[in-house]
Amino acid sequence: MFVILLVGAFLPPLDFFIVNVALPSIRGELGASSSAEQLVIASYAALYAVTLTTGGRLGDLFGRGRVFFLGLIGFAAASTLCGFAWSPWVLVAGRALQGVTAAVMAPQALASVQVIFPEREKPLALGIYGAVFGLAAVIGQALGGLLISLDLMGLGWRAIFLFNLPVAMLVLMFGIPLLKETRARDARRLDLGGMALSMLTLGALLVPLIEGREAGWPLWSWLSLVGVPLLAWLFWRHESRLAQAGGTPLLDPGALRAPGLGHALLIALLFYSIGSFFQLFSVYLQDALHVTALQAGLVFLPFGAGFLLGPLSTPFLRRFCGAFVNPIGMGLEVVGFLGLAGLIAATLTGVHPASMPLAAHLFVIGFGQGLALPTLMRMVTGRVAPAFSGMIAGIASSTLQVSTALSVAVIGGIFYQMLGARTDPAAITQALIVAILCIAFCLTGGVALSITLVRRAPPPHDGAEGQV
Numbered sequence: 000m001f002v003i004l005l006v007g008a009f010l011p012p013l014d015f016f017i018v019n020v021a022l023p024s025i026r027g028e029l030g031a032s033s034s035a036e037q038l039v040i041a042s043y044a045a046l047y048a049v050t051l052t053t054g055g056r057l058g059d060l061f062g063r064g065r066v067f068f069l070g071l072i073g074f075a076a077a078s079t080l081c082g083f084a085w086s087p088w089v090l091v092a093g094r095a096l097q098g099v100t101a102a103v104m105a106p107q108a109l110a111s112v113q114v115i116f117p118e119r120e121k122p123l124a125l126g127i128y129g130a131v132f133g134l135a136a137v138i139g140q141a142l143g144g145l146l147i148s149l150d151l152m153g154l155g156w157r158a159i160f161l162f163n164l165p166v167a168m169l170v171l172m173f174g175i176p177l178l179k180e181t182r183a184r185d186a187r188r189l190d191l192g193g194m195a196l197s198m199l200t201l202g203a204l205l206v207p208l209i210e211g212r213e214a215g216w217p218l219w220s221w222l223s224l225v226g227v228p229l230l231a232w233l234f235w236r237h238e239s240r241l242a243q244a245g246g247t248p249l250l251d252p253g254a255l256r257a258p259g260l261g262h263a264l265l266i267a268l269l270f271y272s273i274g275s276f277f278q279l280f281s282v283y284l285q286d287a288l289h290v291t292a293l294q295a296g297l298v299f300l301p302f303g304a305g306f307l308l309g310p311l312s313t314p315f316l317r318r319f320c321g322a323f324v325n326p327i328g329m330g331l332e333v334v335g336f337l338g339l340a341g342l343i344a345a346t347l348t349g350v351h352p353a354s355m356p357l358a359a360h361l362f363v364i365g366f367g368q369g370l371a372l373p374t375l376m377r378m379v380t381g382r383v384a385p386a387f388s389g390m391i392a393g394i395a396s397s398t399l400q401v402s403t404a405l406s407v408a409v410i411g412g413i414f415y416q417m418l419g420a421r422t423d424p425a426a427i428t429q430a431l432i433v434a435i436l437c438i439a440f441c442l443t444g445g446v447a448l449s450i451t452l453v454r455r456a457p458p459p460h461d462g463a464e465g466q467v
């Protein structure tokens, strides 16, 4: 049963990252413009982020297992459209549909872990969940390069999307009879107004962050960002009124006032400041060191190994460190990034850093993030009653997506601002070092906030039993 849920954690981040190495092939076959290439990535990222909370609430109301399988079927259909796309815009449409259906599927995994597993098994379950989530994000680029290089049945880049079909079929065959259904008690109809306002609010924030820099920060991007506070206020007012009227709001205001929840979400916002690192380090590897896309993807494997082992170590370390596992993990990330910046700075320009120290620093970063992620999710999801598990799983996932978008926009913006019109290895190296230090600074803030939070009382619903 747990293996079925892990597919919901594996496929969405895998399909976000796997497309990066395929863009040159897509450009060559479909004649995609640079703006279409950006939309292939941005349409998935934006719609995934803005739909996550709605997807989580759908599971609360209509059954997490049922919604998980519906999302999986939709994701397989969207992947088929991408795999057989005959033009760039059909591919963009398929990617947008992938983002929506992934957001319907993904929160059900985390929410089901929260309500199905007994308290003594939950740390290990969340640890494995975190390992799979992180591993999918890291191996995506390497797997994409491998599938393209193998050119299975002459499919080329299309194989990265059609790969999802046999996976979905196997999950449907074996998962439907096995997965235990859960939902919130007294489920009522979906808050369509809240759903629309939440998507508008997150869309107004994320679309300009994802597209603004590449478009030269046009007027529409600034107007969109300025409108975010107003949209957020309208959304909160609508949810409060609906709750007072006895309805079922998309985001229950009472649940969101849980002690420490805002603090935990702020830590989550800082946690994925690492989001820009994969892109910027790939630029460094390919443009400054001139390695191939597949070789660049393989460089991240030590990070993936660390991210796999970190969550599996979390239950053991919790016996000795308790909730302090989270700041310890984020602290290891800081150490790893500072060491990586020092290694790159000490290496001659245009020369590949020494392999063993590079692998060691990437492993420490991956291990630290993998160690911290399950505890962070527990810090967030354990602060509300199990009836709101889907809702809070969607909020937590959306927060991580917003964190990634902010990292790409702000830290990536600093990188490209320093780079300017230069493309020489020295300029790329210097800009990367500054970007890495910015990531380390954000993570240090997360460490400080996490230490403050875990010194308080444990989450009030951390030991609550799930509803079925």
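According to numbering that gives the first Met the number 0, the sequence shown holds residues 0 to 467 in order.
C-beta: ideal position from N, C-alpha, C; glycine also.
Owing to the predicted nature of the structure, the values given are computational and were not obtained by experimental measurement.
Nearest-angstrom beta carbon gap, residue j and residue i [assumed within contact, 8 Å]
i, j, result
"Val-51", "Leu-279", "The question names Val, but residue 51 in the sequence shown is Leu. With a Cβ gap of about 25 Å, Leu-51 and Leu-279 do not count as contacting."
"Gln-107", "Arg-56", "Between Arg-56 and Gln-107 the Cβ distance is about 11 Å, and since that is not below 8 Å, they are no contact."
"Phe-74", "Ala-167", "7 Å"
"Leu-171", "Leu-69", "The pair is not a contact, with the Cβ atoms about 11 Å apart (cut-off 8 Å)."
"Leu-109", "Ile-266", "Between Ile-266 and Leu-109 the Cβ distance is about 17 Å, and since that is not below 8 Å, they are no contact."
"Leu-46", "Gly-98", "3 Å"
"Ile-273", "Ser-406", "7 Å"
"Pro-11", "Ala-101", "4 Å"
"Ile-438", "Phe-306", "Going by Cβ atoms, the distance from Ile-438 to Phe-306 rounds to 16 Å, so no, they are not a contact pair."
"Ala-358", "Pro-301", "4 Å"
"Pro-87", "Leu-29", "5 Å"
"Gly-193", "Glu-238", "5 Å"
"Ile-410", "Ala-434", "5 Å"
"Gly-261", "Ala-408", "Contact doesn't hold; Cβ gap of about 22 Å is too wide."
"Val-103", "Gly-174", "About 15 Å; that fails the 8 Å criterion."
Contact set for residue i: own chain, Cβ-Cβ below 7 Å, skip 5 residues either direction
i, result
"Leu-233", "Leu-196"
"Leu-201", "Ala-48, Val-49, Ser-397"
"Ile-427", "Val-282, Tyr-283, Asp-286, Ala-287, Leu-418"
"Trp-545", "Any property of residue 545 remains undetermined from this structure, which presents the chain solely from 0 to 467."
"Leu-375", "Ile-266, Ala-267, Phe-270, Asn-325"
"Ile-343", "Pro-352, Thr-428, Leu-431, Ile-432"
"Ile-40", "Val-18"
"Ala-263", "Met-378, Val-379, Arg-382, Leu-452"
"Thr-346", "Pro-352"
"Ser-312", "Leu-370"
"Ala-340", "Ile-432, Ile-435, Leu-436"
Boundaries of the alpha helix (DSSP H) in which residue i is found, first to last residue
i, result
"Ala-426", "424-453"
"Ala-287", "Element bounds for Ala-287: n/a, residue is neither H nor E."
"Val-409", "No alpha helix (DSSP H) holds Val-409; DSSP gives it neither H nor E."
"Met-172", "163-174"
"Val-66", "63-82"
Spatial neighbours of residue i in its chain, beta-carbon cut-off 8 Å, leaving aside the 5 residues before and after
i, result
"Leu-13", "Ala-135, Ala-136, Ile-138, Gly-139, Leu-142"
"Ala-242", "Pro-248, Asp-251, Pro-252, Gly-253"
"Asn-163", "Leu-10, Asp-14, Phe-74, Ala-75, Ser-78"
"Leu-230", "Leu-196, Leu-199, Thr-200, Ala-203"
Same chain only: Cβ atoms within 6 Å of residue i, ignoring 5 sequence neighbours per side
i, result
"Ile-394", "Thr-52"
"Glu-332", "Ile-364, Gly-367, Gln-368, Leu-442"
"Gln-400", "Ala-48"
"Glu-464", "Confidence at Glu-464 is low in this model, with a pLDDT of 37, below 50, so the placement of that residue should be treated as unreliable; the coordinate-derived value is given next. Answer for Glu-464: no residue qualifies."
"Trp-156", "Ala-21, Ser-24, Ile-25, Ile-147"
"Leu-96", "Ala-77"
"Leu-204", "Val-227"
"Leu-361", "Pro-301, Phe-302"
"Phe-9", "Val-131, Ala-135"
"Ser-42", "Val-91, Arg-94, Ala-95"
"Gly-338", "His-360"
"Pro-356", "Leu-342"
"Leu-80", "Gly-93"
"Val-446", "Pro-326, Met-329, Gly-330"
"Leu-224", "Pro-207"
Short CB-CB distance (under 7 Å) between residue i and chain D
i, result
"Thr-348", "The chain labelled as chain D is not found in the depicted structure, where only one protein chain is given."
Quiz item: What are the uninterrupted segments assigned as beta strand (DSSP E) that are 3 or more residues long and contained completely in the stretch 239-265, given in chain order?
Solution: Entirely contained in the stretch 239-265, not one beta strand (DSSP E) run reaches 3 residues.
Exercise. Just list the alpha helix (DSSP H) runs in the stretch 315-379, keeping only unbroken ones of 4 residues or longer that don't cross its boundaries, in chain order.
Key: Fully enclosed alpha helix (DSSP H) runs of 4 or longer: 324-345.
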